[in-house]
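These notes concern the structure reproduced below.
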Amino acid sequence: MMIVRHSLTRRDAVLVLLGASCMHIFTFLFRSQLAPPEILIDTGVVRDHLLDVPPVGVHVTHIRTKTIVHATTVIATAHSQPTADTHVAEAEVVDVARDIPETTIVAHAPGWTLFENLYMYNDTLVFVSDTPSDFPDMRLMTSTPMTAENNPENIAAREPTRYSMTSLTPTEARRRWGAGPSEGGENRIFSVTGNTILVNEPSQFLRHYYHLVAELLFGVQAFWHGALSGALDSDPASATHRAPPPPIDRIIFARSDADGWRDDPGFNAYVVRAAFPDVTIEEEEDWIDRVIVTSDGDRAWHFRGFCSRTEVPRSAVRSVG
0 MMIVRHSLTR RDAVLVLLGA SCMHIFTFLF RSQLAPPEIL IDTGVVRDHL
50 LDVPPVGVHV THIRTKTIVH ATTVIATAHS QPTADTHVAE AEVVDVARDI
100 PETTIVAHAP GWTLFENLYM YNDTLVFVSD TPSDFPDMRL MTSTPMTAEN
150 NPENIAAREP TRYSMTSLTP TEARRRWGAG PSEGGENRIF SVTGNTILVN
200 EPSQFLRHYY HLVAELLFGV QAFWHGALSG ALDSDPASAT HRAPPPPIDR
250 IIFARSDADG WRDDPGFNAY VVRAAFPDVT IEEEEDWIDR VIVTSDGDRA
300 WHFRGFCSRT EVPRSAVRSV G
């Protein structure tokens, strides 16, 4: 007969504490003692925006990254679960379509926005619509990514600008990215298939397990399932009463390198890989590659499904409701 102990003894508590302490000490002692090599990337990005030249003229971005572990993450949104054939068909249609697909919002809450057909050029998110007034306030959809401080000046500085997000009418988008005689009928648009999640936050809090897992990933799951899960199954014998949402294909940490979102014990990476085993991860360096390709503004990236996660300044949150 097995005896079940209903309470911890003092010996049990000491053993649990000792085990946890040993795990922490071993993790600290047996990390690689060799300093990883530094990778210096000096990238000149000319911000030639569609609207006009930024007030300070030409910006040159100097990026110095210290890569400890390299990984890539990106996630995207869509209405139905895509197949490989669907991905190819979508890319071909956007490349040669006479009309560039307009942007729609599938779901929205302050700091969380699920787009269909969102565009990006030179680090500026673009939604294409004849009725931009139907979209939420930009300060509820994006922000200027910078370290957060609890003072009015910093909160004001994190408000989005026209270079964070802007809108174009379908006619304007066609004029700028549409096919010309030299393109042979193909639009100057690179279509990214699948479902993408953009994390627009800097690495200030991402390395903390509670922030990345409990706030970001749990929030993504709740928002994703709530917006994209199918209708309830009317058959009471059905094993699942709600169809699953489409998969998340990539997660983009646009303002953080690998060391910026991976914590030392490895909890963050473990949870990401366990919860999203097929996901591709892109980081700041990958996002910069996309920015450079579209820096002239005459071509753009097209995200079929796109979920944006950003920190909303407190003043914007107070204005809601």
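Numbering (numbering that gives the first Met the number 0), first residue to last: 0 to 320. Backbone N, C-alpha and C define an ideal beta-carbon position, used for all residues, glycine too.
With a cutoff of 8 Å on beta-carbon distance, T309 and G110 are scored as near each other. In the structure shown, Y118 falls within a strand segment according to DSSP collapsed to helix, strand and coil. Rounded to whole angstroms, D288 and P135 show a C-alpha spacing of 29 Å. Each residue's CA atom was taken as its position, placing A273 and L216 some 12 Å apart.
Sequence-distant partners of P276 (beyond 5 residues in either direction) whose C-beta falls short of 6 Å from its own C-beta are missing from its chain. Using a 10 angstroms sphere on the CB of C306, the tally of other CB atoms reaches 16 or more, which defines it as buried.
Selection V13, R10, T112 evaluated against A226 yields T112 as nearest (Cα-Cα).
For G218, there is no enclosing beta strand (DSSP E); the enclosing alpha helix (DSSP H) has its first and last residue at 217-227.
With respect to the 8 Å criterion, A299 and Y162 are not classified as neighbours on the basis of their beta carbons.
In this structure, DSSP gives E281 an extended state, which the three-state scheme calls strand. In the DSSP secondary-structure assignment, L197 is bridged to I251, S307. In the structure shown, T168 falls within a coil segment according to DSSP collapsed to helix, strand and coil.
Straight-line spacing of the CA atoms in E281 and V13 works out to 42 Å. In this structure, the alpha-carbon of T143 lies about 43 Å from that of G18.
When Cβ pairs closer than 8 Å are counted between the two stretches, the segment 167-174 is seen not to touch the segment 194-211, the count staying below three.
Leaving aside the five residues that flank E101 on each side, the residues in its chain whose CB is nearer than 7 Å to its CB run, in chain order, N116, V127, S128, P169.
Rounded to whole angstroms, the gap between the alpha carbons of T141 and M22 is 40 Å. When the beta-carbon positions are compared, I247 and I196 come within less than 8 Å of each other.
Remark: C-beta atoms of V125 and S166 approach each other more closely than 8 Å. A residue is called buried once 16 or more other Cβ atoms fall within 10 Å of its Cβ, and D256 is buried on that count. The closest CA to that of W176, considering only V270, R97, M145, D285, is found on R97.
M137 and M164 do touch by the CB rule: their CB atoms are close to 5 Å apart, below 8 Å.
Burial is judged here by how many other beta carbons sit within 10 angstroms of a residue's own beta carbon; R9 has fewer than 16 and is exposed. The C-alpha of T160 is placed about 13 Å away from the C-alpha of I154. In the assembly as shown, E283 is a buried residue. Its beta-carbon has 16 or more other beta-carbons within 10 Å.
DSSP, read as helix, strand or coil, puts F275 in coil.
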